[in-house]
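Everything on this sheet refers to the single structure shown next.
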Amino acid sequence: MGKRKLPKFNTGDTVVVTIYGTVGKVTNIKLLEGEYLYEVNESEGLFKEDCLRLLDEYDGYLLEQEQIDIEYKFLFGDLVKVKGYDQDIFKIVGFRTEIWRYKEDSWEDVIYELTRITDGEWLEADEDELTLIADYDQAETYIKKYGIMLPAKKNQAVLPSPRYQDDNYVDRLLDHYNDYKALYYLFNDKKYKRKMNSIVDQLKSHLGLNSDVIGKD
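Position 11 of the sequence shown, counting from 1, maps to 118 under my numbering, and the rest follow consecutively.
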């Protein structure tokens with residue numbers, strides 16, 4: 108019986124993922140049906156040997172990588188007020204970071220997903236549009252103290268984001284929709300499809316549409 112073939116790369120090797128042009132370290136090696144598969148930077152995906160090259164052997168184009176540290180001002184369950192909705196209280200139910208890079212400029216936007224306490228309606232807002240009312244661990248006490256009525260279960264509505272309360276609201280939403288659509292077709296990741304559906308809901312709400320004429324592919 109012949110010796111088993113050894114993996115070409117070892118844990119800790121610095122490699123280039125040639126299909127992306129990105130650099131990382133091998134963090135795990137798996138053997139599947141006689142073929143070695145490699146985890147890079149503890150990512151969920153696995154790469155075949157022919158998709159990787161040792162950094163010092165690679166002479167192709169490298170996509171520059173950067174380490175981005177994001178400090179989130181608000182956390183899940185925090186109660187906040189939102190600019191433009193001064194009479195309402197919202198709860199943080201999600202957040203994401205949008206990273207923008209151009210030739211001569213760059214920035215990161217933290218976008219928070221919220222639900223209104225009184226009726227459960229959904230909203231997105233930038234970090235600088237929020238004011239903290241109560242931390243997540245004090246949220247229930249705050250609600251009880253001020254006698255805020257919680258909504259009954261119902262279909263979730265969508266409020267127009269304060270970011271888009273201007274003349275370019277629809278155009279900007281459509282731009283975001285097309286961006287997420289391109290990402291969905293490129294990576295086939297369901298999270299982009301959910302974002303597309305969310306934007307369609309916002310467009311319908313803003314335009315007063317009840318049909319499914321928007322967002323059909």
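Don't be surprised by glycine CBs; every beta carbon is placed ideally from N, CA and C.
Beta carbon of R236, beta carbon of I218: below 8 Å? Here residue 236 is taken as the residue at index 129 of the sequence shown, counted from 1. Here residue 218 is taken as the residue at index 111 of the sequence shown, counted from 1. For clarity, residue 236 is Glu in the given sequence; the question names Arg instead. Against a cut-off of 8 Å, the Cβ pair of I218 and E236 comes out as no contact.
Give a yes or no on whether the C-beta atoms belonging to G119 and K132 are separated by under 8 Å. Residue mapping note: residue 119 aligns to position 12 of the sequence shown, counting from 1. Residue mapping note: residue 132 aligns to position 25 of the sequence shown, counting from 1. Yes, they are a contact pair.
Residues that R203 bridges to, as DSSP identifies them: Translated into the one-based positions of the sequence shown, residue 203 becomes position 96. Beta-bridge pairing links R203 to I218.
Residues that DSSP places opposite K251 in a beta bridge: As a first step, residue 251 is located in the sequence shown; it is residue number 144 there, counting from the start. DSSP lists no beta-bridge partner residue for K251.
I think R160 touches T129, with their Cβ atoms under 8 Å apart; what is that distance to the nearest whole Å? As a working note, residue 160 is residue 53 in the sequence shown. As a working note, residue 129 is residue 22 in the sequence shown. Not really, about 12 Å apart at Cβ, beyond 8 Å.
Where does E228 land, buried or exposed, given buried means 16+ other C-beta within 10 angstroms? For the purposes of this step, residue 228 is identified with residue 121 of the sequence shown, where counting begins at 1. By the Cβ-count criterion, E228 is buried, with 16 or more other Cβ atoms from all chains shown falling within 10 Å of its own Cβ.
Rounded to whole angstroms, what's the CA-CA distance from K260 to T222? Just pull it up for me. By one-based count along the sequence shown, residue 260 stands at place 153. By one-based count along the sequence shown, residue 222 stands at place 115. The predicted position of K260 is uncertain, since its pLDDT is 46 and thus under 50; a value taken from the coordinates is nonetheless stated next. Cα-Cα distance, rounded: 13 Å.
Indicate whether I224 and I206 have their beta-carbon atoms separated by less than 8 Å. To locate residue 224, count along the sequence shown from 1; it is residue 117. To locate residue 206, count along the sequence shown from 1; it is residue 99. At least 8 Å separates the beta-carbon of I224 from that of I206.
Report the residue from Y165, N117 and K300 whose alpha carbon sits nearest the alpha carbon of V147. By 1-based counting over the sequence shown, the position of residue 147 is 40. V147 has its Cα closest to that of N117, out of Y165, N117 and K300.
Hey, how far is the Cα of K155 from the Cα of I136? Numbered from its first residue, the sequence shown carries residue 155 at position 48. Numbered from its first residue, the sequence shown carries residue 136 at position 29. For the pair K155 and I136, the Cα-to-Cα distance works out to about 10 Å.
Does DSSP put L153 in a helix, in a strand, or in coil? Start at 1 with the first residue of the sequence shown, and residue 153 comes out as number 46. Coil.
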